[in-house]
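Letter by letter, the sequence shown follows residues -32 to -1, 1 to 723 of mature numbering (1 follows the signal peptide of the UniProt record, and there is no 0).
We treat Cβ as the ideally placed atom computed from N, Cα and C, and that holds for glycine.
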Amino acid sequence: MFGTMRESFTAATAVVVMGLLTVCSHSSLAVAQESSSSNAVVVDGTSFALNGDNVSYRFHVDNSTGDLVSDHFGGSVTGAIPSPQEPDVNGWVGMPGRVRREFPDQGRGDFRIPAIRIRQSEGYTVSDLQYQSHQVIKGKPALLGLPATWGDEQDVTTLVVHLYDNYSSVAADLSYSVFPRYDAIIRSVNVTNQGEGNITIEALASMSVDLPYEELDMVNLRGDWAREANRQRRRVEYGIQGFGSNTGYSSHFHNPFLALVHPSTTESQGEAWGFSLVYTGSFSVDVEKGSQGFTRALLGLNPDRLSWKLGPGEILTSPECVSVYSKDGIGGMSRSFHRLYRNHLIKSRFATQNRPVLLNSWEGVYFDFNQSSIYTMAEDSAALGIQLFVMDDGWFGEKYPRLADNAGLGDWMPNPARFPNGLEPLVEDATNLTVKDSSAKLRFGIWVEPEMVNPNSTLYHEHPDWVLHAGSYPRTERRNQLVLNLALPEVQNFIIDFMTTLLRSADISYVKWDNNRGQHETPSPSNDHAYMLGLYQVFSTLTERFPDVLWEGCASGGGRFDPGMLQYFPQIWTSDNTDGVDRVTIQFGTSLAYPPSAMGAHLSAVPNHQTGRTIPVTFRGHVAMMGGSFGLELNPADLQDDERESMPELLALAEKVNPIVLNGDAYRLRLPEETNWPAMQFISEDGSQAVLFYFQLGPNVNHAAPWVRLQGLDLEANYSVDGNATYSGATLMNMGLQYTFETEYGSKVVFLEKN
Ligand code: GLA
């Protein structure tokens, strides 16, 4: 029997299981919020409706089996919904394999990939998790030890469905949190061993969804070092297609993000379902089109790197997966993620604040500096108008000085040959410099790579057992370094202690936290997740202890650009590739799932150190301004004449666009993989301002100048364009603007003000 109860499901008969009597509204916005959250979770018996402003997610309990069966995930549905036809059971596939399931376990005739695989103490991997009870919670409980979206009871409502396996005494609590204004539904799972024996969790997906549509495309981000976040789109075929990471981290190779879209969906039109796993470790994403035509998508911990033992009474909590739905194409999906992550994921107080224009020393001097030369660099930076100077790699190591990448990691004391009196004199002098054209003082930032150690270090000689290793197998090195095992409390404490000492030793207001290799030999597959729990504990301790520090994440560029990092780090270095043209693709790709406010983007020297290409300084600057944290990555002493001349104007422009990039809505108007004229537009939160970034990548020979049509404006309002002509929103969106570029690597930044 499937879904007989849903026939009677109407808003009128529904029991709304949350206290709506809370008096909270003073403003009309609060009233609107309350009204959209008041029916965020509606329960009728054992039928459940999760409602966003433009999304409905429905499922029910099958009375005969106790299974959770999905009814709908997509555009809003209201009132009663039709019951699906009961499938005929012919052939090998059993009933569970013929329906859309919320949390598929293994065995019982569903041959598709399960969301959970439990190896019971007896050795078999069958389970039977049945509905037991549910509860509705106002707001959203924290996720123990893991990063998670947060909000108060006006923002979010949570439904917890308790499942229980009578044969094995295993409980699974599925948690669904709805942020109605973001059309976002967030899911995680708690598995508890309530039995007597030990069990092993071999697979655990945070999200699993069966969509009924036969034709779907999947979109994801792939890449490698220095070429992150390339958009990949392909048709979902029968069978399993997926990707993931087994590197211990989210990695450059694949991002923990998936979109499912109709084949006709574009950037601005059509249905898109976006999924984003709030996790920094090894993960897997599987999409399976089964024999019955449903498409199952699973996102969660990577089963190859799990094998998690649960003794009696022990609990495993999955990371959470954010799902959003949009009918406004892939762009609409991205904007939901951006808004949610800016307002309900990033905890830093800098999340929506203007970021200081910074200069990072790495590409300018690499390892080659001392106290006096780095001070000169800071001095030159302040004289240019830079607000924050960042000393990158190369400042530490006592007995094993960090003069190259083969020594010093782990020994976090200033190199005495370079800094005879420690860091304080340099930081004091640098922070006494006045920033050009302002009364502000230069701020000082520093680079660290706390999770790593060079064998050439005192730390490694003292604690060889602190690194990840597998018995007596060789400890293979990458970039001459090994990985500290963050699963060990003594390693966590070591990092917390040295970082605390460092940050208290001088006036350091920014930290770039790097991580430059993947995990090779580990003591066991489950160490991957244990490492992450340790890492998150370190991150939360330090970011709570130093809330005024601006923390930037980095992992050889964008090797850990994921929602888990964003919880603690309001910005992440997007890529080690600073070539202006390559950056267009990388930043547009990254914006599929992540707010541009979170991207670190720097203007670097030419010829570019990664690609050898020479691109005009304005193009390089304009591309970098599309990131929330704009900066320079060069030695000011080496600036070429044209660069020096352009700098005041570029820095002023960067400051002007920064608030719109940080808090505005982003529209990818034209994609670099599809056109010679990619364009991105941002609209300020209140809609009063917009900025258009428009590029010409290659030369344009004997071809009409292109038009670009804007999006998201108010059709009826008038906008002045760069303070010159005024056009209506309708004209700007339906007809557009036309610009000519003189050469390849042409760029324009256009301001629109609503009249
Ligand atoms: C990584 C980072 C770079 C730089 C170097 C320093 O590659 O991504 O930005 O900090 O390490 O070694």
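Have a look at residue i and residue j and give me their C-alpha separation to the nearest angstrom.
{"i": "Leu401", "j": "Arg303", "result": "39 Å"}
{"i": "Ile414", "j": "Ser329", "result": "10 Å"}
{"i": "Arg623", "j": "Arg551", "result": "Contrary to the premise, residue 623 reads as Glu rather than Arg in this sequence. Rounded to whole angstroms, Glu623 to Arg551 spans 20 Å at the Cα level."}
{"i": "Ser340", "j": "Gly596", "result": "31 Å"}
{"i": "Asn214", "j": "Val325", "result": "36 Å"}
{"i": "Val253", "j": "Ile314", "result": "23 Å"}
{"i": "Asn461", "j": "His431", "result": "14 Å"}
{"i": "Leu427", "j": "Thr542", "result": "30 Å"}
{"i": "Asn223", "j": "Ala265", "result": "15 Å"}
{"i": "Val395", "j": "Glu458", "result": "30 Å"}
{"i": "Phe709", "j": "Gln664", "result": "7 Å"}
{"i": "Pro538", "j": "Gly486", "result": "23 Å"}
{"i": "Ala(-3)", "j": "Gly91", "result": "At Ala(-3) the pLDDT is 32, less than 50, meaning the model places this residue with poor confidence; the figure from the coordinates comes in the next sentence. Going by the C-alpha atoms only, they are around 53 Å apart."}
{"i": "Gly242", "j": "Phe41", "result": "12 Å"}
{"i": "Glu205", "j": "Lys257", "result": "6 Å"}
{"i": "Gly13", "j": "Gln505", "result": "39 Å"}
{"i": "Ile84", "j": "Gly20", "result": "27 Å"}
{"i": "Gly680", "j": "Thr285", "result": "39 Å"}
{"i": "Leu450", "j": "Asp496", "result": "15 Å"}
{"i": "Pro50", "j": "Arg26", "result": "12 Å"}
{"i": "Glu54", "j": "His28", "result": "14 Å"}
{"i": "Cys522", "j": "Lys480", "result": "7 Å"}
{"i": "Arg411", "j": "Gly207", "result": "54 Å"}
State the DSSP-derived secondary structure class of residue i, mapped to helix, strand or coil.
{"i": "Met648", "result": "strand"}
{"i": "Thr(-11)", "result": "Only weak support is given to the placement of Thr(-11): the predicted model assigns it a pLDDT of 26, under 50, and the value that follows is read from those uncertain coordinates. It is coil, neither helix nor strand."}
{"i": "His570", "result": "strand"}
{"i": "Ser(-5)", "result": "Model confidence at Ser(-5) stands at a pLDDT of 31, short of 50, so the residue's coordinates are unreliable and nothing is read from them."}
{"i": "residue 728", "result": "Summary: the structure shown does not reach residue 728, with the chain confined to residues -32 through 723, and so no result is reported for it."}
{"i": "Arg201", "result": "strand"}
{"i": "Glu196", "result": "coil"}
{"i": "Ser656", "result": "coil"}
{"i": "Asp185", "result": "strand"}
{"i": "Asp348", "result": "helix"}
{"i": "Phe318", "result": "coil"}
{"i": "Gln578", "result": "coil"}
{"i": "Ser213", "result": "strand"}
{"i": "His306", "result": "helix"}
{"i": "Gly714", "result": "strand"}
{"i": "Asn626", "result": "helix"}
{"i": "Arg446", "result": "strand"}
{"i": "Asn723", "result": "coil"}
{"i": "Phe556", "result": "helix"}
{"i": "Ser341", "result": "helix"}
{"i": "Leu621", "result": "helix"}
Give me whichever residues DSSP pairs with residue i in a beta bridge.
{"i": "Val325", "result": "The partner list for Val325 (beta bridge, DSSP) is empty, contrary to what the question assumes."}
{"i": "Thr168", "result": "Arg87, Lys277"}
{"i": "Cys289", "result": "Arg155, Leu245"}
{"i": "Gly532", "result": "Beta-bridge pairing links Gly532 to no other residue."}
{"i": "Gly599", "result": "Leu326, His570"}
{"i": "Pro382", "result": "Phe364"}
{"i": "Asn161", "result": "Val138"}
{"i": "Gly268", "result": "Ala173, Ser252"}
{"i": "Thr263", "result": "Leu179, Lys257"}
{"i": "Gln355", "result": "Its beta-bridge partners do not exist; DSSP assigns none."}
Taking the Cβ atom as the reference point for each residue, do residue i and residue j lie within a distance shorter than 7 Å?
{"i": "Met615", "j": "Gln555", "result": "no"}
{"i": "Leu630", "j": "Ser565", "result": "yes"}
{"i": "Leu371", "j": "Phe337", "result": "no"}
{"i": "Ala173", "j": "Thr160", "result": "no"}
{"i": "Val23", "j": "Ala17", "result": "no"}
{"i": "Leu639", "j": "Tyr687", "result": "no"}
{"i": "Ser715", "j": "Ala634", "result": "no"}
{"i": "Glu70", "j": "Ile154", "result": "no"}
{"i": "Val255", "j": "Ala227", "result": "no"}
{"i": "Gly378", "j": "Val421", "result": "yes"}
{"i": "Arg528", "j": "Thr168", "result": "no"}
{"i": "Val177", "j": "Ser244", "result": "no"}
Taking 7 Å as the CB-CB limit, is residue i close to chain B?
{"i": "Asp682", "result": "Reference to chain B is not applicable here, since this structure consists of a single protein chain."}
With a threshold of 6 Å (Cβ to nearest heavy atom), would residue i be considered close to the ligand COA?
{"i": "Gly525", "result": "For the structure depicted, the ligand COA is absent and the ligand set comprises only the ligand GLA."}
Exercise. Please specify which runs of the beta strand (DSSP E), each continuous and at least 3 residues long, are wholly inside the stretch 48 to 133, giving them in chain order.
Key: The DSSP assignment places complete beta strand (DSSP E) segments of no fewer than 3 residues inside the stretch 48 to 133 at 84 to 87, 98 to 106, 125 to 133, in order along the chain.
Exercise. Would you mind listing the alpha helix (DSSP H) stretches within the stretch 675 to 712 that are 4+ residues and don't spill past its ends, in chain order?
Key: Unbroken alpha helix (DSSP H) stretches of 4 residues or longer found wholly inside the stretch 675 to 712: 697 to 702, given in chain order.
Quiz item: What are the uninterrupted segments assigned as alpha helix (DSSP H) that are 4 or more residues long and contained completely in the stretch 468 to 519, given in chain order?
Solution: Qualifying alpha helix (DSSP H) stretches, in chain order: 495 to 513.
Quiz item: Taking the runs of the alpha helix (DSSP H) that are 4 residues or longer, which of them lie wholly in the stretch 391 to 464?
Solution: Within the stretch 391 to 464, the alpha helix (DSSP H) runs of at least 4 residues that lie entirely inside it are, in chain order, 392 to 398, 426 to 430.
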